[in-house]
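**Q**
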Amino acid sequence: MPNLSRRGALKLTAGLAVLGTLGLTGCGREDDTAVAKASADPIDDSPATGTVNVWAAQGDADVLEQVIKPFKTANPDVTVKLTLIPNADYYTKLQSAIAAGKGPDVAQFFPESQAQFLDASILQPVPDGLVAPDSFFKSLWAAGVADDVAYTVPWYAYTYALVYRSDLAKKAGVEAPATWDEVVPFFKALQGVGARRGLGADNGWDIFNGQDVAMYAWQAGGSLLTADGKWTLDTPAMVDALKYNASFFTSGAADTATPTFLDAQPYFVSGKTATMITGPWVVGQLDTAAKKDGWTASHVATAPLPAGSSGSVSFSAGGSWGVLAGGGNADASWKLVRYVSQPSTQVAQYKAYSSLPAVISAWDDPAIKDQPLLAAFLTQLKNTRTFPQVSTWQQVATRMGKEMEAVAKGTATAEKAAANIQSYAESLGTGAK
Amino acid sequence: MTSTPVVGTRRPTRRRAHRTAVAWLFLTPFALVFLLYTAVPTVAALGFSLTDLRGTDLRHPLAVDFTGLDNFVRLLQDESFLRDILNTALFVAVGVPLTMVIGFALAVVLNSGIRRLRGTFRMLFFAPVVTNVVAVALIWQYAFNANGTVNKVLGVVGLAGPNWLDDPNLAMPVVILLGVWRNFGIAMVLFLAGLQAIPDDVYEAASLDGAGRWRQLRHITLPLLLPTTLMVSVLLTVFYLQVFDEPYLLTNGGPLGSTESVALYTYHQFGAGEFGMSSAASFVMLVLVALVSLVQFRLLRSRV
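For the record, the sequence lines run as chains X and Y.
Heads up, the first sequence is in the numbering used here, so the first residue is 2 and it goes up one at a time.
Heads up, the second sequence is in the numbering used here, so the first residue is 19 and it goes up one at a time.
This is the structure:
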């Protein structure tokens with residue numbers, strides 16, 4: 002082979018690039034709607050065999066190994082390999098693994114941001130009769146359905162509510178705020194009796210914050226997407242939502258710097274912060290943070306979210322499971338998913354990690370029913386909406402989180418931020434083809 | 019009579035062929051790794067950058083639409099990408115000289131005064147290079163927290179420390195500082211090797227002629243170190259142009275995008291499922307790295 006001159010190398014590279022590109026364009030886009038209609042064969046009751054590779058995000062799945070022990074005992078010939086991936090990188094890693102054809106058999110998803118995966122080329126349809134769709138919270142099941150085909154099975158459910166230090170509220174002589182107007186005065190009152198900050202705000206400025214502001218926009222009477230699939234994110238309701246969130250920081254009731262995600266509970270327990278707008282899992286974890294059994298019962302209360310002009314609306318979220326289209330052991334994979342979605346398993350998961358069941362009947366278990374602090378979450382769950390079921394929602398919500406930061410830190414007006422979110426969302430579209 | 023030339027030409031040919039075969043044999047592992055991990059992904063990225071490949075097209079990446087230079091146009095219209103280019107330029111403009119100056123100063127000190135403890139110091143200064151960056155970043159994060167070590171130390175002398183990593187003006191200096199801290203060891207070791215290659219008798223002759231330490235540094239050390247300087251500067255420039263670990267681990271590009279580099283932008287776009295945009299951004303980075311390295315080589319080589 003002759004020595005390759007620099008010009009020759011350039012030509013070769015350019016040629017390969019052009020060939021690659023022509024290869025890409027020549028194929029054209031497949032007709033996606035045609036492939037997703039069918040559902041998989043029913044799954045029988047015989048024991049599961051083989052190996053099932055499971056990927057899940059750290060957090061609720063930390064206890065999964067322990068929760069599925071009975072499944073392994075009942076199915077001695079199955080090996081479940083569980084890989085936990087840090088939350089922040091989870092979808093990135095999953096996406097690249099799927100793209101490379103190296104994905105697991107079963108993967109955890111988040112109903113609030115999974116729309117991008119609901120495609121027959123990525124996930125297998127849920128087999129007929131595997132689970133009863135109406136046994137789950139409606140919005141969570143609906144989050145896994147695209148073009149009338151269900152791709153995911155709900156696992157746990159959550160929504161946000163107000164978790165606050167009841168001892169400090171009693172000392173200050175205040176009650177949980179019922180409306181937006183009462184929120185900052187409430188935070189300030191708790192600050193007045195010793196808390197360093199009235200609210201321990203989450204300040205990752207990412208998708209989760211974006212979801213918060215979406216929830217506030219609903220409370221202010223807004224919607225995020227029109228019925229015919231157009232983004233409506235620069236509405237007066239969105240501006241109100243951004244201002245409402247920023248008021249926590251500009252009033253001094255919350256700090257833009259701390260606590261970070263992991264610090265949230267220790268800060269709350271030590272009284273550095275007095276309120277959290279958060280999910281139900283904290284209720285079961287505060288005793289551990291306080292290193293004292295019974296601390297939560299005597300120090301903490303919960304309340305539904307303060308209502309905006311359109312009421313106390315929150316979002317439905319949680320976890321779900323899907324079996325990948327490229328997975329090798331579909332039969333055992335679905336058997337595992339079916340096991341995890343059973344009411345008794347969901348109660349076990351609640352006991353292990355306080356993840357509230359996505360199966361409605363599991364809420365009747367005394368372990369959950371007898372928890373007074375969960376009452377506010379139950380009330381709130383009855384008044385939830387689903388985030389837009391479009392594949393670009395995750396990106397839009399992340400952008401909302403970033404814009405919220407600018408408003409909270411005073412470098413952009415709420416109007417400008419709302420306009421930015423809208424133009425960004427419009428440039429992305431909804432992912433519908 | 020006629021056979022002599024035949025033998026004469028066949029022998030060297032066989033030897034040459036054998037040598038070429040051996041050369042290819044030794045080159046093959048590198049060539050394979052290069053093809054697999056550099057050439058193919060580069061060409062693929064260029065291809066992807068000309069399409070609208072998104073997360074939703076995961077399973078049929080060969081069925082996406084060709085969009086030409088759309089992604090590049092979008093990139094140039096994306097304020098955050100332009101800001102990230104400036105951020106990256108700042109990393110290079112501040113990080114490279116600072117790393118080189120510190121590395122060089124330490125190398126000179128180690129090369130002259132404290133010969134007995136040279137090994138210990140060399141190890142000490144090189145430690146940040148080999149320390150796990152995740153662990154280091156975590157420690158830095160705690161150190162520069164609002165209630166962190168740095169502010170506690172400032173508190174001792176009566177200063178109220180700022181919120182380093184939450185302030186868009188202060189986060190970047192901290193991130194650059196972490197980069198410099200991690201890299202000055204490499205610069206130091208390379209400079210030290212360069213310094214030790216300069217023969218002692220050159221300095222002896224100079225001091226006999228009455229040249230002081232400063233003049234020796236200016237007229238002997240620096241000119242003779244030019245090849246090393248070139249290498250260090252290119253290495254560091256390429257590194258800082260691709261800087262990822264430090265901003266990712268310390269601030270994830272925040273606050274308000276003030277520490278997001280081009281590499282981090284690429285990663286974030288990929289994470290958001292924008293594979294086409296991500297590939298386009300990575301290609302812009304590749305071109306930037308190539309251009310800057312070329313200019314550096316041209317500029318410095320003429321003086322070596």
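Glycine included, C-beta positions come from ideal geometry on N, C-alpha and C.
Does any residue of chain X bring its CB to less than 8 angstroms from the CB of A290 of chain Y?
**A** As a first step, residue 290 of chain Y must be located in the second sequence, where it is residue number 272. Chain X contact via Cβ: present.
**Q** What residues in the region 377-397 of chain X bring their beta carbon closer than 9 angstroms to a beta carbon of chain Y?
**A** Listed by position, the residues of the region 377-397 of chain X near chain Y (Cβ gap below 9 angstroms) are S392, T393, Q395, Q396.
**Q** Taking the alpha helix (DSSP H) that P265 of chain Y belongs to, which residues open and close that run?
**A** Position 247 of the second sequence, counting from 1, holds the residue named residue 265 of chain Y. Here the alpha helix (DSSP H) through P265 of chain Y covers 263-268.
**Q** Does the distance from the CB of N88 of chain X to the CB of M405 of chain X come in under 8 angstroms?
**A** In the first sequence, residue 88 of chain X corresponds to position 87, counting from 1. In the first sequence, residue 405 of chain X corresponds to position 404, counting from 1. No.
**Q** For my contact list, A242 of chain X and A221 of chain X are in at a C-beta cut-off of 8 angstroms; report their separation, rounded to the angstrom.
**A** Position 241 of the first sequence, counted from the start, is the residue given in the question as residue 242 of chain X. Position 220 of the first sequence, counted from the start, is the residue given in the question as residue 221 of chain X. Correct: roughly 5 angstroms between the Cβ atoms.
**Q** Quick one: is R200 of chain Y buried, meaning 16 or more other Cβ sit within 10 Å of its Cβ, or exposed?
**A** Numbered from its first residue, the second sequence carries residue 200 of chain Y at position 182. Its Cβ being crowded by 16 or more others within 10 Å, R200 of chain Y is buried.
**Q** Beta-carbon of E406 of chain X versus every beta-carbon of chain Y: anything under 8 angstroms?
**A** For the purposes of this step, residue 406 of chain X is taken as the residue at position 405 of the first sequence. Interface residue, yes.
**Q** For N187 of chain Y, count the other beta carbons within 10 Å of its own beta carbon; 16 or more makes it buried, fewer makes it exposed. Which is it?
**A** Locating residue 187 of chain Y in the second sequence gives position 169, where the first residue counts as 1. N187 of chain Y is exposed by the Cβ-count criterion.
**Q** Using a 10 Å radius around the Cβ and a threshold of 16 neighbouring Cβ atoms, would you call Y91 of chain X buried or exposed?
**A** Translated into positions along the first sequence, residue 91 of chain X becomes position 90. With 16 or more Cβ atoms within 10 Å of its Cβ, Y91 of chain X is classed as buried.
**Q** What residues from chain X crowd round G179 of chain Y, counting only those whose CB sits closer than 8 angstroms?
**A** The sequence position of residue 179 of chain Y within the second sequence is 161, counting from 1. Simply none; closest approach about 12 angstroms.
**Q** Under 7 angstroms Cβ to Cβ from S334 of chain X, same chain only, skipping five residues before and after it: list those, please.
**A** One-based indexing of the first sequence puts residue 334 of chain X at position 333. Around S334 of chain X: V53, D106, V107, V324, G328.
**Q** Could you tell me the distance, in whole angstroms, from the CA atom of I99 of chain X to the CA atom of R72 of chain Y?
**A** What you label residue 99 of chain X is simply residue 98 of the first sequence in a count that begins at 1. What you label residue 72 of chain Y is simply residue 54 of the second sequence in a count that begins at 1. Distance between the alpha carbons of I99 of chain X and R72 of chain Y is about 13 angstroms.
**Q** Does any C-beta atom of chain X lie closer than 8 angstroms to the C-beta of L274 of chain Y?
**A** Here residue 274 of chain Y corresponds to residue number 256 of the second sequence, with the count starting at 1. Yes, contact with chain X.
**Q** Answer yes if the region 195-208 of chain X comes into contact with the region 264-279 of chain X, meaning at least three C-beta pairs across the two stretches below 8 angstroms, and no otherwise.
**A** Verdict: yes, contact present.
**Q** On the CB-based measure, 16 or more other CB atoms within 10 Å of its CB, does E264 of chain Y come out buried or exposed?
**A** Taking the first residue of the second sequence as 1, we reach residue 264 of chain Y at position 246. It is buried - the Cβ of E264 of chain Y has at least 16 other Cβ atoms within 10 Å.
**Q** With a threshold of 8 angstroms between beta-carbons, can D184 of chain Y be considered close to chain X, or not?
**A** Walking along the second sequence from the start, residue 184 of chain Y turns up at place 166. Chain X, which has a Cβ nearer than 8 angstroms to the Cβ of D184 of chain Y, makes this yes.
**Q** Would you say M141 of chain Y and V250 of chain Y are within 8 angstroms of each other, going by their C-beta atoms?
**A** Translated into positions along the second sequence, residue 141 of chain Y becomes position 123. Translated into positions along the second sequence, residue 250 of chain Y becomes position 232. Not in contact: M141 of chain Y and V250 of chain Y (Cβ atoms no closer than 8 angstroms).
**Q** List, in chain order, every chain Y residue whose beta-carbon is nearer than 9 angstroms to that of T74 of chain X.
**A** Numbered from its first residue, the first sequence carries residue 74 of chain X at position 73. The contacting residues do not exist; T74 of chain X stays about 35 angstroms from chain Y at best.
**Q** From R92 of chain Y to V280 of chain Y, what does the alpha carbon distance come to, in whole angstroms?
**A** One-based indexing of the second sequence puts residue 92 of chain Y at position 74. One-based indexing of the second sequence puts residue 280 of chain Y at position 262. Rounded to the nearest angstrom, the two C-alpha atoms are 15 angstroms apart.
**Q** Under a CB-based cut-off of 8 angstroms, is A164 of chain Y close to chain X?
**A** Position 146 of the second sequence, counted from the start, is the residue given in the question as residue 164 of chain Y. Yes, A164 of chain Y counts as interfacial toward chain X.
**Q** Helix, strand or coil, according to DSSP, for R30 of chain X in the structure here?
**A** Within the first sequence, numbered from 1, the residue matching residue 30 of chain X stands at position 29. Residue confidence is low: R30 of chain X scores 33 on pLDDT, short of 50, so the model does not pin down where it sits. Its coordinate-derived value is still stated next. It is coil, neither helix nor strand.
**Q** By Cβ distance below 7 angstroms, which residues in the same chain neighbour V310 of chain Y in space, the five residues on each side in sequence not counted?
**A** Start at 1 with the first residue of the second sequence, and residue 310 of chain Y comes out as number 292. Cβ within range, chain order: T255, L259.
**Q** For Y160 of chain Y, does the count of other Cβ atoms within 10 angstroms reach 16, so buried, or fall short, so exposed?
**A** The count along the second sequence starts at 1 and reaches residue 160 of chain Y at position 142. Answer is exposed; the Cβ neighbour count stays below 16.
**Q** Along the beta strand (DSSP E) that carries V214 of chain X, what are the first and last residues, could you check?
**A** On the first sequence, position 213 is the one that residue 214 of chain X refers to. First-last for V214 of chain X: 208-220, but that is the alpha helix (DSSP H), not the beta strand (DSSP E).
**Q** Which residue comes first and which comes last in the alpha helix (DSSP H) that contains T279 of chain X?
**A** Walking along the first sequence from the start, residue 279 of chain X turns up at place 278. Per DSSP, T279 of chain X belongs to no alpha helix (DSSP H); it is in the beta strand (DSSP E), 276-279.
**Q** Find the residues of chain Y that neighbour K410 of chain X, judging by a C-beta separation of less than 9 angstroms, and give them in chain order.
**A** Position 409 of the first sequence, counting from 1, holds the residue named residue 410 of chain X. Chain Y residues near K410 of chain X: D184, P186, P273, L274.
**Q** Among the candidates X:W394, X:A363, X:P128, whose CA atom is the shortest distance from the CA of S345 of chain X?
**A** By one-based count along the first sequence, residue 345 of chain X stands at place 344. The candidate whose alpha carbon is nearest that of S345 of chain X is X:A363.
**Q** Are the beta-carbon atoms belonging to P178 of chain X and P307 of chain X less than 8 angstroms from one another?
**A** Counting from 1 along the first sequence, the entry for residue 178 of chain X is found at position 177. Counting from 1 along the first sequence, the entry for residue 307 of chain X is found at position 306. In this structure, P307 of chain X lies closer than 8 angstroms to P178 of chain X by Cβ.
**Q** Compute the minimum distance between the beta carbon of V151 of chain Y and the heavy atoms of the ligand SAH, and state whether it is under 7 angstroms.
**A** Ligands displayed in this structure: none; no statement on the ligand SAH is therefore possible.
**Q** Ordered along the chain, which non-local residues of its own chain (more than five positions away) have a Cβ less than 6 angstroms from that of V307 of chain Y?
**A** Working through the second sequence from its first residue, we reach residue 307 of chain Y at position 289. Closer than 6 angstroms at the Cβ level, and outside the excluded window around V307 of chain Y, lie V256, L259.
**Q** Going by other Cβ atoms of all chains shown within 10 Å of its Cβ, with 16 needed for buried, is R283 of chain Y buried or exposed?
**A** Within the second sequence, numbered from 1, the residue matching residue 283 of chain Y stands at position 265. A quick correction: the sequence has Tyr, not Arg, at residue 283 of chain Y. By the 10 Å Cβ count, Y283 of chain Y comes out buried.
**Q** Which ranges would you report for the alpha helix (DSSP H) in the region 145-194 of chain X if only whole runs of at least 4 residues count?
**A** Runs of the alpha helix (DSSP H) inside the region 145-194 of chain X: 167-173, 184-193.
**Q** Going along chain Y in order, which residues have a C-beta closer than 8 angstroms to the C-beta of W206 of chain X?
**A** On the first sequence, residue 206 of chain X is found 205 positions in, with the first residue counted as 1. Result: G272, P273.
**Q** Quick one: which residues of the region 231-257 of chain X get their C-beta closer than 7 angstroms to a C-beta of chain Y? List them in chain order.
**A** Listed by position along the chain: T257.
**Q** With Y157 of chain X and L382 of chain X assumed to form a contact (beta carbons below 8 angstroms), what rounded beta-carbon distance in angstroms separates them?
**A** Here residue 157 of chain X refers to the residue found at position 156 of the first sequence. Here residue 382 of chain X refers to the residue found at position 381 of the first sequence. 12 angstroms between Cβ atoms; not a contact.
**Q** What does a CB cutoff of less than 7 angstroms around R101 of chain Y pick up in its chain, not counting 5 residues either side in sequence?
**A** Locating residue 101 of chain Y in the second sequence gives position 83, counting from the first residue. Same-chain partners within the cutoff: G275.
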